[in-house]
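What follows is one structure encoded as structure tokens, with my remarks underneath.
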Amino acid sequence: MEDEIIKLGANPGKIKLSFFGVDTGEFSPPHRSEGLRQRLGISDAPAVISTRGLSLIYNVETLIKAIPLVLKEVPPAKFIVAGEGNQRNYLESLSQRLGVSDSVKFVGRIPHNEISQYLASSDVYVSTSLSDGVPNSLLEAMASGLAPVLTDIAANRLWIKDE
Numbered sequence: 001m002e003d004e005i006i007k008l009g010a011n012p013g014k015i016k017l018s019f020f021g022v023d024t025g026e027f028s029p030p031h032r033s034e035g036l037r038q039r040l041g042i043s044d045a046p047a048v049i050s051t052r053g054l055s056l057i058y059n060v061e062t063l064i065k066a067i068p069l070v071l072k073e074v075p076p077a078k079f080i081v082a083g084e085g086n087q088r089n090y091l092e093s094l095s096q097r098l099g100v101s102d103s104v105k106f107v108g109r110i111p112h113n114e115i116s117q118y119l120a121s122s123d124v125y126v127s128t129s130l131s132d133g134v135p136n137s138l139l140e141a142m143a144s145g146l147a148p149v150l151t152d153i154a155a156n157r158l159w160i161k162d163e
């Protein structure tokens, strides 16, 4: 992130990065909520979750378009798409046009005190964001023990190394 700011012309001596934290007591891998998984219709299926907003900057369209490819490899996979935004109707319609709506559950905005339950009930976290600062949702997912699948943006490279 610092490198990106310097490329924009900032004085390196004046840059100070501050990071948010995650309450690992709340977001450590607890037991799955089987009741939540049943309510979501994902029971024993591998679950992929996205907790980003449903606006253009979060690029959830890319996730929806990737679902048919994932289902070819992992047919029982289920996708939980959380958040609200001006793209919701379009994304729901896109999932229907692609024939994957039975594998996708749009759950709307999840209250913060319930996010940890949703993450604990999932296996993989996806963020297809085009830009970000400090992706707190990524930190929560990682603290919950989820495997992250992310776009290659500066904010994500601070936390994930491709080796």
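Under full-length UniProt numbering, the residue at position 49 of the sequence shown is numbered 49, and the numbers go up by one with no gaps. Beta carbons: idealized from backbone N, C-alpha and C, even for Gly. Predicted model only: the values in this text are computed from it and were never measured.
{"query": "Spatial distance of Tyr90 from Gly108 (CA atoms)", "result": "14 Å"}
{"query": "CA-to-CA distance, Leu54 to Arg88, given in whole angstroms", "result": "6 Å"}
{"query": "Close Cβ partners of Ile6 (< 8 Å) along its chain, the five nearest in sequence each way excluded", "result": "Pro12, Ile15"}
{"query": "Burial state of residue 170, where buried means 16 or more other Cβ atoms lie within 10 Å", "result": "For the chain, the structure presents residues 1 to 163; residue 170 sits outside this window and is missing."}
{"query": "Cβ-Cβ distance between Leu138 and Leu150 below 8 Å", "result": "yes"}
{"query": "Beta-carbon spacing of Asp132, Ile153 below 8 Å", "result": "yes"}
{"query": "Run of the alpha helix (DSSP H) containing Pro75, from where it starts to where it stops", "result": "Segment: none, Pro75 is in no alpha helix (DSSP H) and carries neither H nor E."}
{"query": "Three-pair Cβ contact test at 8 Å for the segment 90-99 versus the segment 116-123", "result": "no"}
{"query": "Buried versus exposed call for Pro135 [16 or more other C-beta atoms within 10 Å across all chains shown]", "result": "buried"}
{"query": "Exposure label - Arg37; buried when at least 16 CB within 10 Å", "result": "buried"}
{"query": "Candidates Ile57, Ala155, Pro148, Ala45: closest to Lys105 by CA position", "result": "Ala45"}
{"query": "Delimiting residues of the beta strand (DSSP E) encompassing Ala147", "result": "147-150"}
{"query": "Range of the contiguous alpha helix (DSSP H) that encloses Ile5", "result": "2-7"}
{"query": "Per-residue DSSP class, three states only, for Ile64", "result": "helix"}
{"query": "Local conformation of Ile115 per DSSP, three classes", "result": "helix"}
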